[in-house]
Amino acid sequence: MFYFPDMGLFSSKPKPEPKPKPETPLLDEPWREINWSDRQGALQAVNNFRPQTEDQQIRILLHGPVGAGKSSFINSVQSVLLGRMYKLALVDNVSHGCFTKKYITYKIQKERPKTFYPFVFNDIMGLDSTEGFQVDDIKLALMGHVKDGYKFNPKSKLSKEDRFYNKSPSVNDQVQVLVCVVPADTLEPLKDKTVQKIRDIRLEASHLGIPQVAILTKVDKACPEVGKDLKNIYRSKRLKEKMEEFSKDTGIPMNCIFPIKNYHEEIELSDDADVLILSTLRHLLSFGEDFLKWKAARH
Ligand SMILES: Nc1nc2c(ncn2[C@@H]2O[C@H](COP(=O)(O)OP(=O)(O)OP(=O)(O)O)[C@@H](O)[C@H]2O)c(=O)[nH]1
Ligand SMILES: [Mg+2]
Numbered sequence: 118m119f120y121f122p123d124m125g126l127f128s129s130k131p132k133p134e135p136k137p138k139p140e141t142p143l144l145d146e147p148w149r150e151i152n153w154s155d156r157q158g159a160l161q162a163v164n165n166f167r168p169q170t171e172d173q174q175i176r177i178l179l180h181g182p183v184g185a186g187k188s189s190f191i192n193s194v195q196s197v198l199l200g201r202m203y204k205l206a207l208v209d210n211v212s213h214g215c216f217t218k219k220y221i222t223y224k225i226q227k228e229r230p231k232t233f234y235p236f237v238f239n240d241i242m243g244l245d246s247t248e249g250f251q252v253d254d255i256k257l258a259l260m261g262h263v264k265d266g267y268k269f270n271p272k273s274k275l276s277k278e279d280r281f282y283n284k285s286p287s288v289n290d291q292v293q294v295l296v297c298v299v300p301a302d303t304l305e306p307l308k309d310k311t312v313q314k315i316r317d318i319r320l321e322a323s324h325l326g327i328p329q330v331a332i333l334t335k336v337d338k339a340c341p342e343v344g345k346d347l348k349n350i351y352r353s354k355r356l357k358e359k360m361e362e363f364s365k366d367t368g369i370p371m372n373c374i375f376p377i378k379n380y381h382e383e384i385e386l387s388d389d390a391d392v393l394i395l396s397t398l399r400h401l402l403s404f405g406e407d408f409l410k411w412k413a414a415r416h
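The sequence shown begins at 118 in our numbering and counts up by one.
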């Protein structure tokens, strides 16, 4: 019997498998182009924006879950346009319920006193609030029947006899763009009831031909890489996935979903946040303008 001493030749220990590279949270290339260096150009475009018909304004109605950042978005737009932090719509820090109670139109003043931008915002009570609105009420708001100051009642819709019911709304009272504002960091619990409500509201808007858009807020909280550097917004895999899922759930196409970061704790403006807000605003305005043209062509 032969005996081969173990010289290491035959007893090859299994080599450790090469470790898989940790998956990076960022895509190599952004999937949507943003011109980060042209804040001034984007600002100029908004400043020069004029609807085709004189005295026409674009009314943008924001709705979405409690604490999504609707009021913060209005404040952020105002801050970017003014070039300094501004608080027009009240923002609530501790969400025990919906903070925005009344139907209010927010106009944004231009530098010259008594001149305003040709677009206004309405910010409607939280979607998932027990004190929220009825879908019928939102339909009335879309058609311009809800007057400023009306407090939505979850138990009954605005009646034609109410003093806040606008019997003969002008085109300026009607909504031109419907925006669903949702927080990117807590999109998962959005499922079921809220999604159904978003879908119902979309259906109402679709009947009226009103363009619908979604704004995804709190991207800084949803993805740490974006929190560190906002320029990563279209490279974040997590955010892209969230957007795709949201699009699938609600039926809002990807090219109508805009992720942004609102101004919420900072005291100085940042070019990157400005660029995203301005780019989103420009899309809202052009959707509104298209809708007005479409309506004018039908009459
Ligand atoms: N980190 C972060 N916080 C945000 C952002 N946008 C809003 N917030 C914060 O979220 C909280 C709620 O914001 P609001 O603007 O009051 O939300 P809302 O949708 O108007 O809420 P309701 O009026 O209650 O329906 C506030 O504490 C904001 O500072 C964002 O983009 N990032
Ligand atoms: Mg609010």
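C-beta: ideal position from N, C-alpha, C; glycine also.
About 6 Å separates the CB atoms of valine 330 and phenylalanine 404; that is less than 8 Å, so the two are in contact. For the pair aspartate 253 and lysine 274, the Cα-to-Cα distance works out to about 6 Å. Around the beta carbon of serine 196, 16 or more other beta carbons lie within 10 angstroms, which makes this residue buried. Here serine 287 is exposed. Its C-beta has fewer than 16 other C-beta atoms within 10 Å.
Sequence-distant partners of proline 370 (beyond 5 residues in either direction) whose C-beta falls short of 8 Å from its own C-beta, in its chain, are Ser364.
In this structure, the CA atom of proline 235 is about 43 Å from the CA atom of threonine 141. Excluding the 5 residues flanking it on each side, valine 312 has same chain C-beta neighbours closer than 7 Å at Asp366, Thr367, in chain order. Ligand 2 never approaches lysine 268 closely enough for any of its heavy atoms to be under 8 Å from the residue's Cβ.
Residue side-chain check: isoleucine 377 places its Cβ nearer than 8 Å to a non-hydrogen atom of ligand 1. Contact between valine 263 and asparagine 283 holds: their C-beta atoms lie close to 7 Å from each other, under 8 Å.
Within the same chain, Cβ atoms closer than 6 Å to the Cβ of lysine 187 are found at Leu179, Gly181, Asp240, Val298, the five residues on either side in sequence being excluded. Counting C-beta atoms within 10 angstroms of its own C-beta, asparagine 164 has fewer than 16 neighbours from the protein chains shown and is therefore classed as exposed. Take alanine 159, set aside five residues on each side of it, and the residues of its chain with a beta-carbon closer than 7 Å to its own are Val392, Leu395, Ser396, Arg399, in chain order.
Proximity of the beta carbon of aspartate 265 to ligand 2 is not indicated: no heavy atom of the ligand is located closer than 8 Å.
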